[in-house]
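Protein chains in written order, with the numbering used here: chain A, 1 to 404; chain B, 405 to 808.
Read through the structure below, which is laid out as structure tokens, and then see the notes.
2 protein chains.
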Amino acid sequence: MAVGNVDFPEMKAVSGIKLGTSNAGIKQTERDDILLIEMAEGSTCAGVFTQNAFCAAPVHVAKDHLQNSPRWLLINSGNANAGTGQQGMHDAHASCSFVASAVAGEANKVLPFSTGVIGENLAVDKISIALPEAVSNLKQDNWNNAAHAIMTTDTFAKGASVVLELNGQPVTLTGISKGAGMIQPNMATMLGFVATDAKISQSLLQKCLSQAAEQSFNRITVDGDTSTNDACILMASGCSSATEITADSDAYQLFSSAVINICKRLAELIVRDGEGATKLMRISVEQARDNAEAVIVGKTIAHSPLVKTAFFASDPNWGRILAAVGRSGIEQMDLDKVEIYLDEVCIVKNGGRAESYTEAQGQSVMNKEEILIRVVLARGTASQEVLTCDLSYDYVKINAEYRT
Amino acid sequence: MAVGNVDFPEMKAVSGIKLGTSNAGIKQTERDDILLIEMAEGSTCAGVFTQNAFCAAPVHVAKDHLQNSPRWLLINSGNANAGTGQQGMHDAHASCSFVASAVAGEANKVLPFSTGVIGENLAVDKISIALPEAVSNLKQDNWNNAAHAIMTTDTFAKGASVVLELNGQPVTLTGISKGAGMIQPNMATMLGFVATDAKISQSLLQKCLSQAAEQSFNRITVDGDTSTNDACILMASGCSSATEITADSDAYQLFSSAVINICKRLAELIVRDGEGATKLMRISVEQARDNAEAVIVGKTIAHSPLVKTAFFASDPNWGRILAAVGRSGIEQMDLDKVEIYLDEVCIVKNGGRAESYTEAQGQSVMNKEEILIRVVLARGTASQEVLTCDLSYDYVKINAEYRT
């Protein structure tokens, strides 16, 4: 049940980045579940990874291999290779070796990613058998197949693409993501792969990705859990004719903004595909003392099952939002100054229901599919936005019945 | 849908503590919704209150009046008098004044408590009219009616009672609680009232209650929210023939243990009445570095919608528990030492599924109505237990449809 417009866009090919898929039949046999990405020699590559202490075996290996100027990414869906102990580490390394054999490259230049069920060993033999076909169909214009191959419980493929002009030359940014819960550690979740033909150093690329992830993937939540497998990779082939992007340049600012926007769209698509979601809520926390405070308030609202069920019911139950702000742990909050809005409708003022507010006003906003919750703290100048979805019967159904 | 044995027990009357109820028709007209408690002259009284910054008007007033050696408690269900601004403060004070008139006492010795819908003004006129009847039926043997009068969405009345012997004399402890979500800020939630005829100073009573609440009401969660109205009060009439309980005495240890046990039972009953609950989970986190760490891990598991839906489905999806431990933010956790058990069944060892584990073993535990989740961190000697319930369709139904 996707919320709003989630059409798969026209995906611009990225010079120097090839993608190939094949069907290894890891969990199901109907569609491709292996994605191989090859980066041109000389590409740079940046990554951000889950903060979960129990991160999956492939995350350990990918973090390690990221230091070796990687050339290949291997992603499988259907199995997360998480909670698999030493065997899991062995299997992740084996996957890298299979890629090295198939492309005549080095195993330590392969980044492995897995998404799917936790706690079952990865069928590396199946991956080994399916890899040659993925190698044989490596091509630049293959993003649609790639987006489908990494899906697990996703109900639609997620992509975003843009061409910008840097120093008079076109530069392409194209990316895909998967996830249908901020996490479901069962079908371990969020993955994002973004590629560009820009030329940029690894360290600057890493800075750019870290900033973008902080403003996108780290600002969404479906159920508040954090996957064992979350990762986002930004690849830069350097194949465009634009000059190298350097720190503090105008080109960097343009490029960085574009990366942020791509990541925001890829993150938003995950919320729009949130398990059982019927509504998208943008929670904008304004006039906070600092960004951290704004994020805490936003996430406290976004994680509240009571807020989420009220939105599912289209019930303008503003008391639940007020209570969530109150328990977010912000010190010395002047309650009399806090204001809360649903879209343009002021619902809370001076610590209570706004005098102008009517239930009919609230109901008209709640009937919408996409709703802005604005919380004005009146303590400073920082603002942050958190995206989430509602909590429906189908969320319980999907997560109660997944393995059965 | 109560989980397990929730029979209302025989409630021992507490000498010096009288209770009276009446029907003010605040939200519904079928049953009493006003409870007045009168403490004998010379009683001491301790309280713990919600940490929510948006605490309700009666909480402000009760905290303030607690300093004045209070003699009366007035509790209404059906309306929380929260999110009501200055009018709410006026109404809370007015309630105290009505009590003062009805009992010929002082308004600043009355503690007001409200539970119910947030954001609607309290019908103080209705309370004023109903109060004389509550005064007229004040009696010691009235705990059953009292427990029913404070219910909101509760499906059963909650009580606990015990007689212990201190220095050769009997001392009674009797209490009631209400709540059917750790919170629902809508029907703002948890209230507990415990009375004893022991003689004990206010400061020692407060210490005793604070410790007990920390180990009981602060160790349960249904949905992770924190009410605007939560409060627990411990009253000591001093009417028993036992000598005064003094600090560091054996009698204090006995008394303190009994208070903890009463509070634990009252708290557990709230989880057993958790909205939509079909299962009770005791999460025991052992061998943590300190209590705080153990509580964080326990609550992270208890708050995970993925863990809760898996238990609802009786699905031994241990990967979700593992992932919750991993994201709880404990630093430098040695994953290879962590062990997780469902009842007696070891499911996780050495960072992965235990070799001895079979799905059939897990399934046999998951089919039970009450389940112990043991997480052994192997980092220290601290242990803490957190209680929670599962997340079912009915939780969504109850919270989506409450106001409609």
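All C-beta atoms, glycine included, are put in the ideal place defined by N, C-alpha and C.
Quick caveat: nothing in here was measured; it's all calculated off a predicted structure.
One or two residues paired with residue i in a DSSP bridge
i                 : result
MET685 of chain B : B:ILE775 and B:THR792
VAL117 of chain A : A:ASN79
LEU377 of chain A : Per DSSP, none; premise fails for LEU377 of chain A.
LYS562 of chain B : B:SER581
LEU440 of chain B : B:GLY424 and B:LEU478
ILE637 of chain B : B:GLY451 and B:PHE597
VAL575 of chain B : B:LEU568
THR221 of chain A : A:THR388
ARG757 of chain B : B:VAL752
GLU414 of chain B : DSSP lists no partner for GLU414 of chain B.
GLU743 of chain B : B:VAL780
ALA690 of chain B : A quick correction: the sequence has Glu, not Ala, at residue 690 of chain B. Beta-bridge pairing links GLU690 of chain B to B:VAL780.
THR488 of chain B : A:GLY352
Residue i vs residue j beta-carbon contact at 8 angstroms
i                 : j                 : result
ALA681 of chain B : SER708 of chain B : no
LEU710 of chain B : MET737 of chain B : no
LEU166 of chain A : VAL99 of chain A  : no
VAL410 of chain A : LEU209 of chain A : In the structure as shown, chain A begins at 1 and stops at 404. Residue 410 of chain A is therefore absent and cannot be evaluated.
THR792 of chain B : ILE624 of chain B : yes
ILE687 of chain B : TRP722 of chain B : no
VAL463 of chain B : LEU391 of chain A : no
VAL779 of chain B : VAL699 of chain B : no
PHE156 of chain A : ALA313 of chain A : no
LYS530 of chain B : GLY408 of chain B : no
LYS562 of chain B : SER532 of chain B : no
LEU254 of chain A : ALA46 of chain A  : no
ALA466 of chain B : MET493 of chain B : no
LEU173 of chain A : GLU38 of chain A  : no
LYS279 of chain A : ILE371 of chain A : yes
THR44 of chain A  : GLN202 of chain A : yes
Supposed contact pair residue j and residue i - C-beta distance, whole angstroms, cut 8 angstroms
i                 : j                 : result
SER645 of chain B : GLY420 of chain B : Their Cβ separation, rounded to whole angstroms, is 12 angstroms, which puts SER645 of chain B and GLY420 of chain B out of contact at 8 angstroms.
CYS636 of chain B : PHE621 of chain B : 6 angstroms
ILE330 of chain A : VAL285 of chain A : Not really, about 10 angstroms apart at Cβ, beyond 8 angstroms.
SER474 of chain A : ASN76 of chain A  : For residue 474 of chain A there is no data in the structure shown, the boundaries of chain A being 1 and 404.
ASN419 of chain A : ALA382 of chain A : No information on residue 419 of chain A is available, as it lies outside the stretch 1 to 404 that chain A covers here.
PRO316 of chain A : MET366 of chain A : 5 angstroms
ASP91 of chain A  : LEU122 of chain A : 4 angstroms
ASP545 of chain B : ALA417 of chain B : 5 angstroms
ALA616 of chain B : VAL575 of chain B : ALA616 of chain B to VAL575 of chain B, Cβ: 15 angstroms. No contact.
GLY83 of chain A  : GLY116 of chain A : Their Cβ separation, rounded to whole angstroms, is 12 angstroms, which puts GLY83 of chain A and GLY116 of chain A out of contact at 8 angstroms.
LEU322 of chain A : PHE193 of chain A : At roughly 40 angstroms, the Cβ-Cβ gap does not stay under 8 angstroms, so LEU322 of chain A and PHE193 of chain A are not in contact.
GLU679 of chain B : ALA584 of chain B : 5 angstroms
Of the residues the options, the one placed nearest residue i, counting alpha carbons only
i                 : options                                   : result
LEU515 of chain B : B:ASN633, B:ALA616, B:GLY766 and B:GLY583 : B:ASN633
GLU445 of chain B : B:HIS464, B:ASN472, B:ALA466 and B:GLU434 : B:ASN472
GLN610 of chain B : B:ILE674, B:ALA553 and B:PHE453           : B:PHE453
LYS712 of chain B : B:ILE674, B:ASP740, B:VAL626 and B:ASP436 : B:VAL626
PHE412 of chain B : B:VAL699, B:SER631, B:ALA550 and B:GLY487 : B:ALA550
ARG289 of chain A : A:GLN384, A:PHE312 and A:ASP343           : A:GLN384
LEU746 of chain B : B:ARG676, B:GLY596, B:GLY451 and B:ARG724 : B:ARG724
ALA251 of chain A : A:ARG327, A:ARG31 and A:ILE200            : A:ILE200
ARG435 of chain B : B:PHE715, B:THR556 and B:PRO474           : B:THR556
GLY175 of chain A : A:SER161, A:ALA313 and A:GLY168           : A:SER161
LYS299 of chain A : A:GLY326, A:GLU275 and A:ASP273           : A:GLY326
ILE398 of chain A : B:ILE802, B:TYR797, B:ALA804 and B:GLU805 : B:TYR797
GLY489 of chain B : A:PHE255, A:ASP336, A:GLY362 and A:ASP273 : A:ASP336
ILE29 of chain A  : A:VAL271, A:ALA130 and A:SER257           : Sequence inspection shows Thr at residue 29 of chain A; the Ile mentioned does not correspond to that position. Nearest C-alpha to THR29 of chain A: A:ALA130.
VAL749 of chain B : B:VAL742, B:ILE777 and B:LEU726           : B:ILE777
MET594 of chain B : B:ALA706, B:THR600, B:CYS667 and B:MET415 : B:CYS667
GLY169 of chain A : A:THR243, A:ILE301 and A:ILE340           : The sequence shown places Gln at residue 169 of chain A, rather than the Gly named in the question. Nearest option by C-alpha distance: A:THR243.
SER660 of chain B : B:PHE715, B:ASN548, B:THR600 and B:GLU773 : B:THR600
SER357 of chain B : B:VAL528, B:ASN485 and B:GLN491           : A query on residue 357 of chain B cannot be resolved here, the shown segment of chain B reaching from 405 to 808 and no further.
GLU773 of chain B : B:ALA804, B:VAL675, B:SER732 and B:ILE438 : B:VAL675
Contact test: residue i Cβ vs the ligand PLP heavy atom, cutoff 7 angstroms
i                 : result
THR196 of chain A : Here there are no bound small molecules, and the ligand PLP is not part of this structure.
**Report entry** Three-pair Cβ contact test at 8 angstroms for the region 242-255 of chain A versus the region 352-371 of chain A
**Finding:** no
Query raised in the report: Any contact of the region 503-512 of chain B with the region 448-460 of chain B, i.e. 3+ C-beta pairs under 8 angstroms?
Result: no
Report task. Would you check if the region 670-679 of chain B and the region 481-491 of chain B touch, i.e. whether three or more CB-CB distances between them fall below 8 angstroms? Result -> no
Report task. Indicate whether the contact test is met: 3 or more Cβ pairs, each with one atom in the region 4-24 of chain A and one in the region 125-142 of chain A, closer than 8 angstroms. Result -> yes
Requested in this report: May I ask you to list, following chain order, the residues of the region 782-798 of chain B that have a beta carbon less than 7 angstroms from some beta carbon of chain C?
Outcome: The structure shown contains no chain C; its protein chains are A and B.
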